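Protein chains in written order, with our numbering: chain Y, 94 to 434; chain F, 336 to 727. Some notes on the structure that comes next.
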Amino acid sequence: EKLGLGRPALPEEVAAWNLDVSPDGTGLPDGSGSVEEGDALFADYCAVCHGDFAEGVDNWPKLAGGAGTLADKDPLKTVGSYWPYLSTTWDYVHRSMPFGNAQTLAPDEVYAIVAYILYSNDLVEDDFVLSKDNFLDVEMPNKDGFIIDDRESAEAHFWKDEPCMTDCKETVEITMQAAVLDVTPEETKARKVQEMMDATNPANKAGDAEAKTEEPAAADEAAAAEPAAEETASVDPALVAEGEKVFKKCKACHQIGDGAKHRTGPILTGIVGHGAGVAEGFKYSKDMAQAGQDGLIWTEEELAAFLTKPKAYMKKTKMSFAGLKKEDDVQAVIAYLKSFN
Amino acid sequence: TADPLITEVQSWASGTGEGVDATPYGMPIRFETDVRRRNVEWLTADTISSINFTPIHALDGTITPQGCAFERHHSGAIEMRKQDYRLMINGLVDTPLVFTYEDLERFPRENRVYFCECAANTGMEWAGAQLNGAQFTHGMIHNMEYSGVSLRTLLEEAGLDAAGDLKDKWVYVEGADASSNGRSIPMEKALDDVLVAFKANGEALRKEHGYPVRLVVPGWEGNMWVKWLRRIEVTDQPVQSREETSKYTDTLANGTSRKWTWAMDAKSVVTSPSPQAPIKHGNGPLVITGLAWSGRGAIKRVDVSKDGGTTWETARLAAPGEKMALTRFYLDTEWNGEEMLLQSRAMDETGYVQPTKAELRDVRGENSIYHNNCIQTWWVKPNGEAENVEVS
Chain Y
94 EKLGLGRPAL PEEVAAWNLD VSPDGTGLPD GSGSVEEGDA LFADYCAVCH
144 GDFAEGVDNW PKLAGGAGTL ADKDPLKTVG SYWPYLSTTW DYVHRSMPFG
194 NAQTLAPDEV YAIVAYILYS NDLVEDDFVL SKDNFLDVEM PNKDGFIIDD
244 RESAEAHFWK DEPCMTDCKE TVEITMQAAV LDVTPEETKA RKVQEMMDAT
294 NPANKAGDAE AKTEEPAAAD EAAAAEPAAE ETASVDPALV AEGEKVFKKC
344 KACHQIGDGA KHRTGPILTG IVGHGAGVAE GFKYSKDMAQ AGQDGLIWTE
394 EELAAFLTKP KAYMKKTKMS FAGLKKEDDV QAVIAYLKSF N
Chain F
336 TADPLITEVQ SWASGTGEGV DATPYGMPIR FETDVRRRNV EWLTADTISS
386 INFTPIHALD GTITPQGCAF ERHHSGAIEM RKQDYRLMIN GLVDTPLVFT
436 YEDLERFPRE NRVYFCECAA NTGMEWAGAQ LNGAQFTHGM IHNMEYSGVS
486 LRTLLEEAGL DAAGDLKDKW VYVEGADASS NGRSIPMEKA LDDVLVAFKA
536 NGEALRKEHG YPVRLVVPGW EGNMWVKWLR RIEVTDQPVQ SREETSKYTD
586 TLANGTSRKW TWAMDAKSVV TSPSPQAPIK HGNGPLVITG LAWSGRGAIK
636 RVDVSKDGGT TWETARLAAP GEKMALTRFY LDTEWNGEEM LLQSRAMDET
686 GYVQPTKAEL RDVRGENSIY HNNCIQTWWV KPNGEAENVE VS
């Protein structure tokens with residue numbers, strides 16, 4: 094009945110992929126890490142999205158807090174308030190984090206980061222060291238907070254067979270309208286394109302309608318970019334201050350200014366106008382090193398292109414950052430970098 | 336007056352159109368650019384870990400074209416070549432195996448149509464009417480014909496004797512992308528109808544749906560349909576990964592949470608008229624249409640109400656309901672500018688009747704996030720426009 098397809102998986106292949114960790118600790122590697130070590134690692138790798146104290150940034154997940162809120166109107170579900178098993182945290186950090194650079198943390202680093210997350214949830218003291226040996230001793234507050242799907246009993250009354258067809262209600266009133274909240278995304282762009290097409294003679298070439306819609310957008314962008322460029326030329330202090338905020342996203346990997354050291358990314362002091370890929374003591378990607386040898390200079394224009402979409406600018410750059418979406422943020426962060434020249 | 340579109344010779348009736356190969360792989364005609372996936376930006380922090388919505392308000396029939404079928408990524412849609420694809424089966428099996436893509440194509444193949452619904456579909460509507468459009472309230476769903484190999488076949492190829500009694504065993508499935516999305520599936524389901532699929536609607540899966548290989552878990556929440564499937568591990572306990580503990584669990588009003596709520600309950604929605612598909616044609620004949628589905632089996636019946644659930648009439652099913660697949664329903668009716676509070680109510684072959692929002696809240700509260708299968712209400716106004724509302 095077997096077809097004899099496939100080949101036996103080698104032990105080292107299974108070991109490379111079979112990384113999941115179960116609640117009873119199955120799959121945990123040897124190792125340990127302290128809250129103190131975790132604090133530093135968290136600042137480097139996690140704080141950009143999850144905040145210095147695991148409190149979350151913007152819409153990124155909050156990892157700490159929320160104790161006792163699960164029955165509230167808006168429960169705050171965190172590792173401390175909601176997650177039933179510590180193994181889930183370890184496994185997730187190990188296999189899926191840091192976001193954009195997953196599967197790069199060593200087991201000791203994962204133990205340390207998990208220890209710090211526990212600490213930020215007030216579940217352990219600041220001198221705590223998490224290891225394979227004490228892993229199962231950690232009490233997760235919501236471990237008993239889950240029940241297995243009981244819809245078939247708790248909702249047995251939804252199996253009605255013959256529902257009401259007439260006179261099912263005495264009165265019907267509208268109690269809530271989505272338009273009042275007004276949070277539905279606008280369909281403007283597609284709709285405008287559609288309207289323009291409807292309005293134009295269908296015999297027109299497709300390119301005409303597209304060009305008409307794209308022109309104003311392109312003009313807007315150019316208009317926005319021009320004054321920003323002028324401001325950077327004179328280093329506007331307000332823009333530098335804005336840039337300092339944006340630079341928080343870079344801080345996980347880059348240092349700048351007095352006492353800066355290479356971290357995941359190279360020191361950025363003096364980078365504007367400087368040659369690419371040549372900072373001493375930093376191991377660049379092959380492509381970045383090559384670009385430097387070929388004479389790439391980090392002019393404001395080149396930096397802006399790189400920071401907007403690093404991987405599009407240089408496919409094999411080691412920088413795992415996705416890019417700054419807002420033109421204003423790019424200009425601001427360049428102004429900030431420039432202030433260290 | 337005579338219609339110049341008829342009385343005058345039009346350019347398309349006189350000149351020639353495009354030759355073959357003008358578009359070697361075709362896209363919809365430019366007049367249909369409005370029919371596309373849409374994202375709700377405020378829902379998530381970044382599109383890399385986000386979801387968008389199928390334009391169900393603009394589609395008909397039951398098959399979702401791949402190009403507008405909703406996407407859900409946890410770490411972005413990755414690009415993997417077939418040559419680089421490997422699928423490992425390990426754990427409690429007689430021989431841990433590695434398959435290439437070509438190996439998979441040599442197993443006996445099945446073709447099946449199934450819906451895939453994100454557990455969070457309609458999740459923004461728990462606390463009240465929020466998003467104005469069937470695409471946004473119900474668009475985390477698609478329905479495709481999958482070609483692939485049954486998971487049972489692959490598990491048997493590796494041999495399950497080593498697993499002993501299969502009753503309490505699990506299959507952990509994991510994706511190859513950086514999110515390492517993994518879910519534990521009870522062995523009974525794994526051996527029942529789960530597919531390891533590599534084609535959808537006749538062609539290769541799209542990148543955003545897990546090219547080259549994804550899992551298809553009929554009737555169960557979309558998160559379990561692991562994309563870029565790279566590993567299948569037979570275990571003696573559930574892994575309790577992030578996506579089966581911290582997410583995809585349903586918190587009840589008292590603060591306890593349901594886990595392992597895998598099956599998608601019976602559900603339906605009127606896709607037209609709806610907020611994005613208003614009535615524009617004035618009085619007279621009106622086709623009310625929508626979709627119904629159930630993760631527990633086939634749709635048996637759909638009723639439609641025009642008065643907010645006071646009276647109901649049974650709609651016509653375009654075809655008899657199929658297990659765990661979308662069913663299209665129609666109510667061919669007459670409309671003369673009267674206000675309607677349009678609802679649809681699905682029933683499946685198990686006798687389950689789609690509940691009202693109030694009935695669901697009575698059991699689950701408002702914090703479940705997932706598995707909201709309540710009856711939806713569209714308020715159709717005298718001018719033909721429609722709005723998402725809640726009724727008493």
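Every residue, glycine too, gets a C-beta built ideally from N, C-alpha and C. No experiment lies behind these values; they were computed from the predicted model shown.
C-alpha distance - residue i paired with residue j, whole-angstrom precision
| i | j | result |
| --- | --- | --- |
| Gly-643 (chain F) | Gln-470 (chain F) | 21 Å |
| Val-574 (chain F) | Asp-243 (chain Y) | 21 Å |
| Lys-262 (chain Y) | Thr-645 (chain F) | 5 Å |
| Ile-623 (chain F) | Asp-667 (chain F) | 6 Å |
| Ile-427 (chain Y) | Gly-336 (chain Y) | 7 Å |
| Leu-163 (chain Y) | Arg-487 (chain F) | 39 Å |
| Thr-182 (chain Y) | Val-207 (chain Y) | 7 Å |
| Ala-348 (chain F) | Thr-336 (chain F) | 21 Å |
| Lys-504 (chain F) | Ala-497 (chain F) | 11 Å |
| Glu-452 (chain F) | Met-599 (chain F) | 8 Å |
| Lys-542 (chain F) | Phe-442 (chain F) | 23 Å |
| Asp-254 (chain Y) | Glu-353 (chain F) | 55 Å |
| His-408 (chain F) | Gly-510 (chain F) | 11 Å |
| Phe-375 (chain Y) | Gly-463 (chain F) | 54 Å |
| Asn-235 (chain Y) | Phe-146 (chain Y) | 21 Å |
| Cys-139 (chain Y) | Pro-191 (chain Y) | 6 Å |
| Asn-440 (chain F) | Val-484 (chain F) | It is worth fixing the name first, because residue 440 (chain F) is Glu in this sequence and not Asn. Near 8 Å, if we compare the C-alpha coordinates of Val-484 (chain F) and Glu-440 (chain F). |
Boundaries of the alpha helix (DSSP H) in which residue i is found, first to last residue
| i | result |
| --- | --- |
| Tyr-209 (chain Y) | 200-213 |
| Val-276 (chain Y) | Per DSSP, Val-276 (chain Y) belongs to no alpha helix (DSSP H) and is neither H nor E. |
| Glu-130 (chain Y) | 128-138 |
| Cys-343 (chain Y) | 341-344 |
| Leu-564 (chain F) | Looking at the DSSP string, Leu-564 (chain F) is not in any alpha helix (DSSP H); the run it does join, the beta strand (DSSP E), is 564-570. |
| Leu-163 (chain Y) | Leu-163 (chain Y) -> no alpha helix (DSSP H), and no H or E assigned at all. |
| Met-381 (chain Y) | 379-386 |
| Ile-341 (chain F) | 339-342 |
| Ala-721 (chain F) | That residue, Ala-721 (chain F), is in no alpha helix (DSSP H); its beta strand (DSSP E) goes 721-726. |
| Glu-578 (chain F) | 577-580 |
| Gln-470 (chain F) | 469-473 |
| Pro-459 (chain Y) | The first residue shown for chain Y is 94 and the last is 434, placing residue 459 (chain Y) beyond what the model contains. |
Sequence-distant residues of its chain with Cβ nearer than 6 Å to residue i (five each side left out)
| i | result |
| --- | --- |
| Ser-629 (chain F) | Ala-601, Asp-683 |
| Leu-112 (chain Y) | Arg-188 |
| Gly-144 (chain Y) | Val-150 |
| Pro-168 (chain Y) | Thr-162 |
| Arg-593 (chain F) | Asp-585 |
Cross-chain neighbours of residue i in chain Y, by beta carbon under 7 Å
| i | result |
| --- | --- |
| Thr-584 (chain F) | Phe-239 |
Supposed contact pair residue j and residue i - C-beta distance, whole angstroms, cut 8 Å
| i | j | result |
| --- | --- | --- |
| Thr-691 (chain F) | Trp-252 (chain Y) | About 15 Å; that fails the 8 Å criterion. |
| Val-423 (chain Y) | Leu-389 (chain Y) | Not confirmed; about 18 Å, so no contact. |
| Ser-603 (chain F) | Leu-626 (chain F) | 6 Å |
| Ala-405 (chain Y) | Ala-384 (chain Y) | Ala-405 (chain Y) to Ala-384 (chain Y), Cβ: 14 Å. No contact. |
| Val-276 (chain Y) | Leu-564 (chain F) | Actually they do not touch by this definition, with Cβ atoms about 35 Å apart. |
| Asn-478 (chain F) | Leu-661 (chain F) | 4 Å |
| Asn-425 (chain F) | Ala-102 (chain Y) | 6 Å |
| Glu-148 (chain Y) | Ala-160 (chain Y) | Their Cβ separation, rounded to whole angstroms, is 13 Å, which puts Glu-148 (chain Y) and Ala-160 (chain Y) out of contact at 8 Å. |
Bounding residues of the beta strand (DSSP E) (the contiguous stretch that carries residue i)
| i | result |
| --- | --- |
| Ile-427 (chain Y) | Counting along the chain, Ile-427 (chain Y) falls outside any beta strand (DSSP E), though it belongs to the alpha helix (DSSP H) covering 420-431. |
| Pro-521 (chain F) | 517-521 |
| Pro-553 (chain F) | No beta strand (DSSP E) holds Pro-553 (chain F); DSSP gives it neither H nor E. |
Interface partners of residue i on chain F, CB under 9 Å
| i | result |
| --- | --- |
| Ala-164 (chain Y) | Thr-586, Leu-587, Ala-588, Asn-589, Gly-590, Thr-591, Gly-700, Asn-702 |
| Val-276 (chain Y) | Val-375, Trp-377, Met-459, Gln-465, Leu-466, Asn-467 |
Beta-carbon proximity list for residue i, same chain, < 7 Å, skipping 5 on both sides
| i | result |
| --- | --- |
| Ser-609 (chain F) | His-392, Gly-468, Ala-469, Trp-713, Ala-721 |
| Asn-456 (chain F) | His-473, Met-475, Ile-476 |
| Ala-454 (chain F) | Glu-556, Gly-557, Asn-558, Tyr-583, Tyr-705, His-706 |
| Pro-363 (chain F) | Val-370 |
| Thr-649 (chain F) | Arg-636, Asp-638 |
| Pro-177 (chain Y) | Met-233, Asn-235, Lys-236, Gly-238, Phe-239 |
| Trp-391 (chain Y) | Ile-364, Val-365, Gly-366, His-367, Ala-369 |
Beta-carbon neighbours of residue i, restricted to chain Y and to distances below 9 Å
| i | result |
| --- | --- |
| Ala-380 (chain F) | Cys-142, Val-150, Asp-151, Asn-152, Trp-153, Pro-154 |
| Gln-572 (chain F) | Ser-115, Pro-116, Asp-117, Thr-119 |
Contacts that residue i makes with chain F (C-beta to C-beta distance below 7 Å)
| i | result |
| --- | --- |
| Met-269 (chain Y) | Gly-463, Ala-464, Val-724, Glu-725 |
| Asn-111 (chain Y) | Asn-425, Glu-568 |
Proximal residues of chain F, C-beta to C-beta of residue i below 8 Å
| i | result |
| --- | --- |
| Asp-260 (chain Y) | Thr-645, Thr-646 |
Proximal residues to residue i (C-beta, below 8 Å), its chain only, five neighbours per side dropped
| i | result |
| --- | --- |
| Val-428 (chain F) | Leu-490, Ala-493, Gly-494, Leu-495, Ala-497, Ala-498, Val-569 |
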